[in-house]
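K.L.:
Sharing a structure below in structure tokens format, with a few things to ask.
2 protein chains.
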Amino acid sequence: MDILLERKSVRKYTSEDVKQEDLEYILHAAMSAPTARNTRHCSFLVIKDKETHKKIAEVHQAAQMILQTPLAILVVGDQNTAYGGYLPQDCAAATENMLLAATAKGYGSVWCGIYSNEERAKAIEKLFYLPENIKAFSLVVIGKPADKNPPRNRWQPEKIKYETWK
Amino acid sequence: MDILLERKSVRKYTSEDVKQEDLEYILHAAMSAPTARNTRHCSFLVIKDKETHKKIAEVHQAAQMILQTPLAILVVGDQNTAYGGYLPQDCAAATENMLLAATAKGYGSVWCGIYSNEERAKAIEKLFYLPENIKAFSLVVIGKPADKNPPRNRWQPEKIKYETWK
Chain A
2 MDILLERKSV
12 RKYTSEDVKQ
22 EDLEYILHAA
32 MSAPTARNTR
42 HCSFLVIKDK
52 ETHKKIAEVH
62 QAAQMILQTP
72 LAILVVGDQN
82 TAYGGYLPQD
92 CAAATENMLL
102 AATAKGYGSV
112 WCGIYSNEER
122 AKAIEKLFYL
132 PENIKAFSLV
142 VIGKPADKNP
152 PRNRWQPEKI
162 KYETWK
Chain B
2 MDILLERKSV
12 RKYTSEDVKQ
22 EDLEYILHAA
32 MSAPTARNTR
42 HCSFLVIKDK
52 ETHKKIAEVH
62 QAAQMILQTP
72 LAILVVGDQN
82 TAYGGYLPQD
92 CAAATENMLL
102 AATAKGYGSV
112 WCGIYSNEER
122 AKAIEKLFYL
132 PENIKAFSLV
142 VIGKPADKNP
152 PRNRWQPEKI
162 KYETWK
């Protein structure tokens, strides 16, 4: 299985649990993503409580699939230790690694955006009592896919240019 | 080989070339990363010309290793088609996929940041004649590693929290 080409966003899940060892692998993959100047400022909130999932769904319109799954992980970055403006880039690399790690272990996943949506970010930061310097970046929803749709081929040679844009 | 845990930033390279099929795999992996609202606005400039590498090294202090390698790829995003403020997040996911794809194929790689450094971004955008709406995001340098340093274990259980920050 080629996890890079076969990862896809999954929006329908079964209620089957994520194994503890797989959860740890997903978190280890997240921590193994690069950060600018190696500041390693990202942290990960593991959220399994269904009441909390309901509260997230109330403030995050695009994260309704959290109501079906046993697990979501909130990715946050520390504005005090991130280098320059790189907080979202670092957190995005960690998020992508989590999606790929979930794929590698046979789970589906989806990246629900938070950062860049100020209202949504504030609501999530309040819900989890994040300190001022800790910024909510993304919510990664993980579980067993309810359907077996194959991934799309996303090869687009027209997106490649050689040597210069012109 | 576990590409998620074994990817690392490589800063010393041999001059050995990157095979065309491996380059295409790396670009396919980049295109397979998710984008917010599936806008797929990222493009990729393949840069092999050594004179251009020298010009990049003049304006990008942290990209000096480009002078050793046969290949660099400039990742750019289209501000006109990216959704909301998600351009850097989308380009970061594509960049991370490229680093992982290079690792999978036995190459070293390093992510040289551009976006968030306004002066550097302007210089690169000018060098490659990027239109106003096309934003330089990162430069991915790829080649055969000159040393065989093992990757670090980056597991940090203190970065994990459960259910809430408090």
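Each protein sequence line maps, in turn, to chains A and B.
Here the numbering used here is used: the first residue of the first sequence is 2, the next is one more, and so on.
Here the numbering used here is used: the first residue of the second sequence is 2, the next is one more, and so on.
All C-beta atoms, glycine included, are put in the ideal place defined by N, C-alpha and C.
Taking the straight line between their C-alpha atoms, what separation do you get for Lys55 (chain B) and Ala102 (chain B)?
P.N.:
Lys55 (chain B) and Ala102 (chain B): Cα-Cα distance of roughly 25 Å.
K.L.:
Would you kindly work out how many angstroms separate the C-alpha atoms of Thr96 (chain B) and Val77 (chain B), rounded to a whole number?
P.N.:
Each residue's alpha carbon lies about 10 Å from the other.
K.L.:
If I follow the unbroken alpha helix (DSSP H) through Arg28 (chain A), where does it start and stop?
P.N.:
According to the sequence provided, residue 28 (chain A) is Leu. The question's Arg does not apply to it. Per DSSP, Leu28 (chain A) belongs to the alpha helix (DSSP H) from Gln21 to Met32.
K.L.:
Give the list of continuous alpha helix (DSSP H) stretches no shorter than 4 residues that lie fully inside the stretch 43-101 of chain B.
P.N.:
51-60
K.L.:
Quick one: does Arg12 (chain A) have its CB under 9 Å from some CB of chain B?
P.N.:
no
K.L.:
Taking Leu28 (chain B) as the query, report the chain A residues whose CB atoms sit under 7 Å from its CB, ordered along the chain.
P.N.:
Ile161
K.L.:
Return the residues of the stretch 46-67 of chain B that lie within a Cβ-Cβ distance of less than 9 Å from chain A, sorted by chain order.
P.N.:
Going along the stretch 46-67 of chain B in chain order, one finds Leu46, Val47, Ile48, Lys49, Asp50 and Thr53 with a Cβ nearer than 9 Å to chain A.
K.L.:
Chain A beta carbons: is any one of them nearer than 9 Å to that of His85 (chain B)?
P.N.:
Note on residue identity: the sequence assigns Gly, not His, to residue 85 (chain B). Contact with chain A is found for Gly85 (chain B), since one of that chain's Cβ atoms lies less than 9 Å from the residue's Cβ.
K.L.:
Can you look up Pro146 (chain A) in the DSSP assignment and give me helix, strand or coil?
P.N.:
Three-state DSSP puts Pro146 (chain A) in a strand.
K.L.:
Should Asn134 (chain B) go down as buried or exposed, given a rule of 16 or more other Cβ atoms within 10 Å for buried?
P.N.:
exposed
K.L.:
In the DSSP assignment, the beta strand (DSSP E) including Lys162 (chain A) goes from what residue to what residue?
P.N.:
Ile161 to Tyr163
K.L.:
Determine, for Ile143 (chain A), whether the minimum Cβ-Cβ distance to residues of chain B falls below 9 Å.
P.N.:
no
K.L.:
In angstroms, rounded to a whole number, what distance separates the CA positions of Val141 (chain A) and Thr15 (chain B)?
P.N.:
38 Å
K.L.:
Taking beta-carbon pairs under 9 Å, can you tell me which members of the stretch 100-111 of chain A lie near chain B?
P.N.:
Leu100, Leu101, Ala102, Ala105 and Val111
K.L.:
I'd like to know whether the C-beta of Ala124 (chain A) is nearer than 9 Å to at least one C-beta of chain B.
P.N.:
no
K.L.:
With Pro146 (chain B) and Glu7 (chain B) assumed to form a contact (beta carbons below 8 Å), what rounded beta-carbon distance in angstroms separates them?
P.N.:
At roughly 12 Å, the Cβ-Cβ gap does not stay under 8 Å, so Pro146 (chain B) and Glu7 (chain B) are not in contact.
K.L.:
Hey, out of A:Ile57, A:Pro132, A:Arg41 and A:Lys106, whose CA is closest to Tyr87 (chain A)'s CA?
P.N.:
A:Arg41
K.L.:
Residues of chain A with CB under 9 Å from Gln90 (chain B), in chain order?
P.N.:
Pro89, Gln90, Cys92, Ala93, Thr96, Trp112, Gly114, Tyr116, Ser117, Phe138 and Ser139
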